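Going by my numbering, the sequence shown opens with residue 1015, and the numbers climb by one from there.
Heads up, the thing below is written out as structure tokens.
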Amino acid sequence: MENVIEGFAFSDFCLGCQKVTEHKIALEGKEFFGICSSCGQKRLMADVNQVFYPKTELWVTRFKIGNLPSVVTGKLIDSAKHPQKKL
Ligand SMILES: [Zn+2]
């Protein structure tokens, strides 16, 4: 069973829709997945890690979909561990 993590989304090319769509992020076991908000196709997010950018004082979460790097703002991993808290 997957748990959609609120407050995180990214744009990616969906093979099902054949266009760029918004993807929600869900946690299933220990793996993160990007889920197309239009057709529901799931794609594994690899190499997920949180990075702090001192210049902007922002946390971002970097990951790869296929071989393409992508990024969302915020601490995705912490939010997944503490779903009740808004980080
Ligand atoms: Zn799609």
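All C-beta atoms in this analysis are idealised placements derived from N, C-alpha and C, irrespective of residue type, glycine included.
All figures in this text were calculated on a predicted structure; none of them were measured in a lab.
Per DSSP, cross-strand counterpart(s) of residue i
| i | result |
| --- | --- |
| Thr1075 | Gln1064 and Val1086 |
| Ser1051 | Bridge partners of Ser1051: none, in fact. |
| Lys1038 | Ala1023 and Ile1049 |
| Asn1104 | One cannot answer for residue 1104 here, as it falls past the ends of the chain, which runs 1015 to 1101. |
| Cys1028 | Lys1033 |
Inter-residue spacing [alpha-carbon to alpha-carbon] between residue i and residue j
| i | j | result |
| --- | --- | --- |
| Thr1087 | Asn1063 | 12 Å |
| Cys1031 | Cys1053 | 7 Å |
| Leu1101 | Leu1090 | In this predicted model, Leu1101 has a pLDDT of only 48, less than 50, meaning its place in the structure is not dependable enough to derive any value. |
| Arg1076 | Lys1069 | 17 Å |
| Lys1038 | Val1074 | 16 Å |
| Glu1045 | Leu1058 | 7 Å |
| Ile1079 | Ala1060 | 6 Å |
| Leu1029 | Ala1040 | 18 Å |
Integer-rounded CB distance, given that residue j should sit under 8 Å from residue i
| i | j | result |
| --- | --- | --- |
| Gly1048 | Phe1024 | 7 Å |
| Ser1093 | Gly1021 | 7 Å |
For review: beta carbons within less than 6 Å of any heavy atom in ligand 1: Cβ atoms closer than 6 Å to ligand 1 belong to Cys1028, Gly1030, Cys1031, Thr1035, Cys1050, Ser1052, Cys1053 and Gln1055.
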